[in-house]
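Peer 1: Protein chains in written order, with the numbering used here: chain C, 26 to 232; chain P, 26 to 232.
Glycine included, every Cβ here is placed at the ideal spot set by N, Cα and C.
Below is a structure I'd like to ask you about.
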DNA sequence: GGGCCATCTAGACGACGTAAAGATATGCGG
DNA sequence: CCGCATATCTTTACGTCGTCTAGATGGCCC
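Listed below in structure tokens is the structure:
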């Protein structure tokens, strides 16, 4: 996984400090580096495998360094969740603007869960992070709006169309599909391409 | 909750040992007691809050006692998941035999998730337990069969009816609904009665 | 009633999260 | 160019946790 981390602009480039093999006292972009490493760990072993000391070790700083940027473990996971919701909102927005299709919005939901699995796994586990964090709440609201507004537009002026419940139904469907896929709980006969599964799923059920 | 039990040395009359308030060296059914306590803890603080030493303390045994019954922490959670799948299968079977309704089966799914939340939270988090455990695999298969066989019966002889995909769709819908409800992610306008929400959700979506 | 063996205790070890206090660099005002 | 405030990182320390090992206990079967 290619990691592109540009150091912040305030770092003087002329000193080529980062090219030096000696580890500088100041990392330069420790916060970003810890988040990236956390994503890697979560992707390989789930959020339960996150260890602050381990992240510090991987990045090459002392074990207590992460505390300065995130306070504690929940703080780090809060940052992960927030970033996840922002990426999520961006992905949904892009997809809907590109296709204008409600169904493709659902497919994009599942795709995000799979492609950004580490984020997704944290986002929908509020016990892991600080759910009342204001930044996070805003990021989440942004994503939620992108799920409901396309539906509202679709309902047109039809008053018998229950936007709220239709939205929850669609949301539940794709969320459940994504969750079950990530758990490996889906029947193997469906294959292993989540996007294709999402597209092939019927939009109605027997009574 | 001070549980003051004294140890060994003075073992009184042999017959009134259970009625005696002195704690016997052998618990009697430590395994069951630990599982019950684990369910309580998970219900209050989630599976992440499980601590073997804490469970032992609550039950009044030494900190290493749980290891004998479950091997390790994953062993305990494996037992929780297995019991959960058995209860789940029983609940689904009862409901379908009682009503014969496919939709009510879905409602029962959601109801189980809410009423037996601690089990549900562990069952669908395979990273917490020993997923390859044979007892667990069997319990899970039993539950899965109860989700698909009613659907197969419903399809009748209609060859254009894709049982597998229809089943996954229905399963995803109820699973997603249950998961989102437990996360507190559903819009509050829907109220807080998950059964009623499940029944009010439409069975089809816009294209 | 004697011994076997499942059950439980006791103590130790390394890893972890987190708090406190000290070290070091960075950028800013003079 | 210089001194200093401050953000960043290190070091040390403490308590808790999971798990390992050896030993104590007592139910149960012959």
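In whole angstroms, give me the CA-to-CA distance for residue 205 of chain P and residue 67 of chain C.
Peer 2: Roughly 21 Å between the two C-alpha positions.
Peer 1: Applying the criterion that 16 or more other CB atoms from any shown protein chain within 10 Å of the CB defines a buried residue, is residue 108 of chain C buried or exposed?
Peer 2: Looking at its Cβ environment, which holds 16 or more other Cβ atoms inside 10 Å, residue 108 of chain C is buried.
Peer 1: Is there contact between the region 155–165 of chain P and the region 212–224 of chain C, where contact requires at least three CB pairs shorter than 8 Å?
Peer 2: No, because fewer than three Cβ pairs between the region 155–165 of chain P and the region 212–224 of chain C fall closer than 8 Å, the two stretches do not touch.
Peer 1: Determine the closest residue to residue 172 of chain P out of P/75, P/112, P/155, P/127, with distance taken between C-alpha atoms.
Peer 2: That would be P/127, whose Cα lies nearest to the Cα of residue 172 of chain P.
Peer 1: Can you grab the Cα-Cα spacing for the pair residue 223 of chain P / residue 53 of chain P, in whole Å?
Peer 2: When rounded, the distance between both Cα atoms is 42 Å.
Peer 1: Three-state secondary structure (DSSP) at residue 52 of chain P?
Peer 2: Correct three-state label for residue 52 of chain P: coil.
Peer 1: Taking Cβ positions, are residue 230 of chain C and residue 191 of chain P nearer each other than 8 Å?
Peer 2: Yes.
Peer 1: What residues in its chain sit with their C-beta under 6 Å from that of residue 58 of chain C, if we drop five residues either side in the sequence?
Peer 2: 84.
Peer 1: CB residue 144 of chain P to CB residue 105 of chain P, shorter than 8 Å?
Peer 2: Yes, the Cβ-Cβ distance between residue 144 of chain P and residue 105 of chain P is below 8 Å.
Peer 1: Measuring only the C-alpha atoms, how far is residue 81 of chain P from residue 61 of chain P?
Peer 2: Distance between the alpha carbons of residue 81 of chain P and residue 61 of chain P is about 12 Å.
Peer 1: Using the beta-carbon of each residue, which ones in chain P are nearer than 8 Å to residue 227 of chain C?
Peer 2: Result: 187, 190, 191, 194.
Peer 1: The alpha helix (DSSP H) with residue 200 of chain C in it runs from where to where?
Peer 2: From DSSP, the alpha helix (DSSP H) with residue 200 of chain C extends over 188–208.
Peer 1: Which of the three DSSP states is assigned to residue 93 of chain P in this structure?
Peer 2: Three-state DSSP puts residue 93 of chain P in a helix.
Peer 1: If the criterion is Cβ atoms closer than 8 Å, does the pair residue 203 of chain P and residue 138 of chain P meet it?
Peer 2: The answer is yes: Cβ separation under 8 Å.
Peer 1: Taking only beta-carbon positions, decide if residue 33 of chain C is within less than 8 Å of chain P.
Peer 2: Note that residue 33 of chain C scores 34 on pLDDT, short of 50, meaning its location in the model is unreliable; the coordinates nonetheless yield the value given after this. Closer than 8 Å: no.
Peer 1: On the criterion of 16 or more Cβ atoms from any shown chain inside 10 Å, does residue 174 of chain C qualify as buried, or is it exposed?
Peer 2: Classification of residue 174 of chain C: exposed, given that the 10 Å Cβ count is below 16.
Peer 1: Hey, does residue 151 of chain P have any beta-carbon neighbour from chain C nearer than 8 Å?
Peer 2: It does: the Cβ of residue 151 of chain P has a partner Cβ on chain C nearer than 8 Å.
Peer 1: Around the Cβ of residue 93 of chain C, are there at least 16 other Cβ atoms within 10 angstroms (buried) or fewer (exposed)?
Peer 2: Its Cβ having fewer than 16 others within 10 Å, residue 93 of chain C is exposed.
Peer 1: Would residue 85 of chain P pass as an interface residue toward chain C - the criterion being a Cβ-Cβ separation below 8 Å?
Peer 2: It does not: the Cβ of residue 85 of chain P has no partner Cβ on chain C nearer than 8 Å.
Peer 1: State yes or no: is the beta carbon of residue 141 of chain C nearer than 8 Å to at least one beta carbon in chain P?
Peer 2: No - not a single Cβ of chain P is within 8 Å of the one on residue 141 of chain C.
Peer 1: How is the alpha helix (DSSP H) around residue 128 of chain P delimited, first residue to last?
Peer 2: Where residue 128 of chain P is concerned, the enclosing alpha helix (DSSP H) stretches over 127–140.
Peer 1: For a contact defined as C-beta to C-beta under 7 Å, what are the partners of residue 53 of chain P on chain C?
Peer 2: None at all; the shortest Cβ gap to chain C is about 33 Å.
Peer 1: Among C/194, C/170, C/71, which has the Cα closest to the Cα of residue 227 of chain P?
Peer 2: Comparing Cα positions, the closest option is C/194.
Peer 1: If we define contact as Cβ-Cβ less than 8 Å, is residue 170 of chain P a contact residue for chain C?
Peer 2: By this cut-off, residue 170 of chain P is not an interface position.
Peer 1: Please go through the same chain and pick out, in chain order, the residues whose beta-carbon is closer than 8 Å to the beta-carbon of residue 153 of chain C, but skip the five residues on each side of it.
Peer 2: 72, 99, 102, 106, 147.
Peer 1: Tell me where the alpha helix (DSSP H) around residue 110 of chain C begins and ends.
Peer 2: Taken as a continuous stretch (DSSP letters only), the alpha helix (DSSP H) holding residue 110 of chain C covers 98–124.
Peer 1: Applying a beta-carbon distance threshold of less than 7 Å, which residues of chain P neighbour residue 213 of chain C?
Peer 2: What residue 213 of chain C touches in chain P: nothing, since even the nearest Cβ is about 11 Å away.
Peer 1: Measure the beta-carbon distance from residue 112 of chain C to residue 121 of chain C and round it to whole angstroms, keeping in mind my assumption that it falls under 8 Å.
Peer 2: So it is not a contact: roughly 15 Å between Cβ atoms.
Peer 1: Measure the C-alpha to C-alpha separation of residue 170 of chain P and residue 219 of chain C and round it to an integer number of angstroms.
Peer 2: Straight-line Cα distance between these residues: approximately 23 Å.
Peer 1: Any beta-carbon of chain C closer than 8 Å to the one on residue 94 of chain P?
Peer 2: No - not a single Cβ of chain C is within 8 Å of the one on residue 94 of chain P.
Peer 1: Give every residue of the same chain whose Cβ lies closer than 7 Å to the Cβ of residue 116 of chain P, excluding the five residues on either side of it in the sequence, and list them in chain order.
Peer 2: So the list reads 133, 137, once near-sequence residues are dropped.
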